[in-house]
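Student: Input: one structure, supplied below.
Residue numbers (the UniProt record's numbering): 1 to 305.
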């Protein structure tokens with residue numbers, strides 16, 4: 001079985017909390033992650049939107065674009081508006097041969113609002129969840145028809161956060177909307193990561209190997225503290241530095257035959273947790289557990305022409 005290891009630039013520059021950002025260029029971010037052993041990088045705010053500009057940068061760094069976040073609003077907004085907003089991203093991702101676009105629902109979400117405590121997260125009724133899941137399926141099918149599949153990201157402080165919400169979303173949606181399984185977000189939400197992999201492995205197309213510091217999470221006052229407060233306090237980290245057993249998690253993916261990207265997405269204070277050092281810690285741990293689970297980790301970065 002083959003696996004690819006990528007990173008998210010959120011370890012270097014945080015899009016929601018500017019103070020949790022390192023003043024490094026895109027080129028330096030890519031250089032650091034590649035030197036740690038990662039062959040892919042998800043898109044961040046310092047990436048160019050022109051493939052003619054992006055491709056030479058990726059090639060020089062020997063890194064491929066392994067995904068990127070789209071802020072979807074299908075819980076409230078019309079399908080046509082989301083199609084219009086994602087179309088340029090589809091064309092860009094096709095041009096640089098990215099594997100998927102990560103769909104993150106921001107409609108009604110409080111994930112970017114530091115004034116909203118975790119306990120005030122939006123909740124959908126049963127009927128709302130059914131309708132939402134059907135819209136996402138239709139949207140996912142349309143994106144795939146345009147040549148770029150989506151991968152749905154369940155997320156803290158959003159409408160699909162908890163394991164029961166994820167189960168309901170998956171039950172009412174179809175194969176047209178694959179799943180991004182994020183170990184850290186599910187654990188933060190009180191879910192069972194291994195059970196979720198067992199239940200939904202047939203639809204998982206992309207994986208975020210985000211670790212958590214449960215001592216930080218357990219001390220949160222969810223009636224007063226927000227998702228961004230939790231991030232600033234250090235709720236997330238890289239595999240090998242947190243509370244999750246990635247040996248068991250990666251083995252479970254292997255048991256179900258998952259092949260593809262495992263992406264480290266660990267937003268934290270780069271001054272307290274230098275991104276290069278954390279990338280090295282995460283890569284070392286992932287290589288250990290990947291090898292144990294029987295994966296061959298691809299070392300090819302930018303594809304040879």
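Every residue gets a Cβ at the ideal spot worked out from N, C-alpha and C, and that includes glycine.
Check residue 101 in the structure and name its three-state DSSP category.
Tutor: Here residue 101 refers to the residue found at position 101 when the chain shown is read from its first residue. Of the three classes helix, strand and coil, the one that applies to residue 101 here is strand, per DSSP.
Student: Distance, Cα to Cα, residue 279 vs residue 120?
Tutor: As a first step, residue 279 is located in the chain shown; it is residue number 279 there, counting from the start. As a first step, residue 120 is located in the chain shown; it is residue number 120 there, counting from the start. Using only the alpha carbons, I get a separation of about 33 Å.
Student: Confirm, please, whether the CB-CB distance from residue 265 to residue 312 is below 7 Å.
Tutor: No statement about residue 312 is possible, as the shown extent of the chain runs from 1 to 305 and does not include it.
Student: With DSSP run on the structure shown, which of helix, strand or coil describes residue 94?
Tutor: If you number the chain shown from 1, residue 94 lands on position 94. DSSP places residue 94 in helix when its eight states are reduced to three.
Student: Beta-carbon separation of residue 94 and residue 148 under 7 Å?
Tutor: As a working note, residue 94 is residue 94 in the chain shown. As a working note, residue 148 is residue 148 in the chain shown. Closer than 7 Å, so yes.
Student: Run through DSSP, which three-state label would residue 211 get?
Tutor: Translated into the one-based positions of the chain shown, residue 211 becomes position 211. Of the three classes helix, strand and coil, the one that applies to residue 211 here is strand, per DSSP.
Student: Kindly give me the distance between the Cβ atoms of residue 106 and residue 73, rounded to whole angstroms, as I take these residues to be in contact under 8 Å.
Tutor: Within the chain shown, the letter at position 106 stands for residue 106. Within the chain shown, the letter at position 73 stands for residue 73. With 8 Å as the limit, residue 106 and residue 73 qualify as a contact, their Cβ atoms being about 6 Å apart.
Student: Just curious, the beta strand (DSSP E) that residue 3 is in, first and last residue?
Tutor: Taking the first residue of the chain shown as 1, we reach residue 3 at position 3. Taken as a continuous stretch (DSSP letters only), the beta strand (DSSP E) holding residue 3 covers 2-7.
Student: What's the C-alpha gap between residue 70 and residue 79?
Tutor: Position 70 of the chain shown, counted from the start, is the residue given in the question as residue 70. Position 79 of the chain shown, counted from the start, is the residue given in the question as residue 79. Rounded to whole angstroms, residue 70 to residue 79 spans 14 Å at the Cα level.
Student: Ordered along the chain, which non-local residues of its own chain (more than five positions away) have a Cβ less than 6 Å from that of residue 181?
Tutor: On the chain shown, position 181 is the one that residue 181 refers to. Excluding sequence neighbours, residue 181 sits near 204 and 207.
Student: Within a Cβ cutoff of 7 Å, which residues of the same chain sit near residue 24, ignoring the five residues on either side of it in sequence?
Tutor: Stepping through the chain shown from its first residue, residue 24 is reached at position 24. Excluding sequence neighbours, residue 24 sits near 12.
Student: Could you give the C-beta distance for residue 7 and residue 41, rounded to a whole number, given that I count them as a contact under 8 Å?
Tutor: Here residue 7 refers to the residue found at position 7 of the chain shown. Here residue 41 refers to the residue found at position 41 of the chain shown. Indeed they touch by this definition, with Cβ atoms about 6 Å apart.
Student: Sorted by chain position, which residues of the same chain lie with C-beta nearer than 8 Å to residue 226's C-beta, five sequence neighbours on each side aside?
Tutor: Position 226 of the chain shown, counted from the start, is the residue given in the question as residue 226. Taken in chain order, the residues that qualify are 110, 113, 114, 115, 116, 117, 118 and 157.
Student: On the DSSP bridge assignment, give the partners of residue 71 in chain order.
Tutor: To locate residue 71, count along the chain shown from 1; it is residue 71. Answer is 104, bridged to residue 71.
Student: Roughly how many angstroms separate the alpha carbons of residue 22 and residue 172, rounded to a whole number?
Tutor: For the purposes of this step, residue 22 is taken as the residue at position 22 of the chain shown. For the purposes of this step, residue 172 is taken as the residue at position 172 of the chain shown. Spanning the two alpha carbons is a distance of roughly 41 Å.
Student: What's the C-alpha gap between residue 242 and residue 284?
Tutor: Stepping through the chain shown from its first residue, residue 242 is reached at position 242. Stepping through the chain shown from its first residue, residue 284 is reached at position 284. The straight-line gap from Cα to Cα measures roughly 14 Å.
Student: Where does residue 291 fall in DSSP's three states?
Tutor: Residue mapping note: residue 291 aligns to position 291 of the chain shown, counting from 1. Helix.
Student: Can you grab the Cα-Cα spacing for the pair residue 210 / residue 302, in whole Å?
Tutor: For this step, residue 210 is matched to residue 210 along the chain shown. For this step, residue 302 is matched to residue 302 along the chain shown. Roughly 24 Å between the two C-alpha positions.
Student: Out of 76, 84, 39 and 133, point me to the one whose CA is closest to residue 62's CA.
Tutor: Locating residue 62 in the chain shown gives position 62, where the first residue counts as 1. The option with the nearest alpha carbon to residue 62 is 39.
Student: Could you tell me which uninterrupted alpha helix (DSSP H) segments, each at least 4 residues in length, are contained entirely in the region 107-170, listed from first to last along the chain?
Tutor: Runs found: 126-145.
Student: With C-beta atoms as the reference, is residue 200 less than 7 Å away from residue 179?
Tutor: Your numbering for residue 200 matches position 200 in the chain shown. Your numbering for residue 179 matches position 179 in the chain shown. Against a cut-off of 7 Å, the Cβ pair of residue 179 and residue 200 comes out as a contact.
Student: Around the Cβ of residue 49, are there at least 16 other Cβ atoms within 10 angstroms (buried) or fewer (exposed)?
Tutor: Reading the chain shown from its first residue, position 49 is the one you call residue 49. Exposed.
Student: Quick one: residues in its chain with C-beta nearer than 8 Å to the C-beta of residue 244, no 5 flanking neighbours on either side, listed in chain order?
Tutor: Translated into the one-based positions of the chain shown, residue 244 becomes position 244. Around residue 244: 183, 184, 187, 193, 211 and 212.
Student: Give me, in chain order, the residues of the same chain whose beta-carbon lies closer than 6 Å to that of residue 130; leave out the 5 immediate sequence neighbours on both sides.
Tutor: The residue you call residue 130 lines up with position 130 of the chain shown. The residues are 172.
Student: Excluding the 5 residues preceding and the 5 following residue 103 in the sequence, name in chain order all residues of the same chain whose CB lies nearer than 6 Å to its CB.
Tutor: Locating residue 103 in the chain shown gives position 103, counting from the first residue. These residues qualify, in order along the chain: 70, 72, 150 and 152.
Student: Is residue 166 near residue 159, with beta carbons less than 7 Å apart?
Tutor: Here residue 166 is taken as the residue at index 166 of the chain shown, counted from 1. Here residue 159 is taken as the residue at index 159 of the chain shown, counted from 1. No, Cβ-Cβ distance for residue 166 and residue 159 is not below 7 Å.
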